[in-house]
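Worksheet for the structure shown next.
In the numbering used here, the protein residues as written are 1 to 50.
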């Protein structure tokens, strides 16, 4: 499976998205992105891509 990690602002607009080959890589990236967006009103989601 492949995974995308997407960052959305408070209005649901995509700020950035990244593609990964494993769920572990996606989780690590989500953690790093959350650290980079600390204190900002964003949502970070991991989605499975077929």
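We put the CB at the ideal spot given by N, CA and C, even for glycine. These numbers come from a predicted model, not from an experiment.
Contact under 8 Å by Cβ, residue i with residue j
i          : j          : result
residue 54 : residue 33 : In the structure as shown, the chain begins at 1 and stops at 50. Residue 54 is therefore absent and cannot be evaluated.
residue 22 : residue 41 : no
residue 49 : residue 8  : no
residue 46 : residue 27 : yes
residue 18 : residue 29 : yes
Beta-bridge partners of residue i, as assigned by DSSP
i          : result
residue 2  : 49
residue 14 : 8
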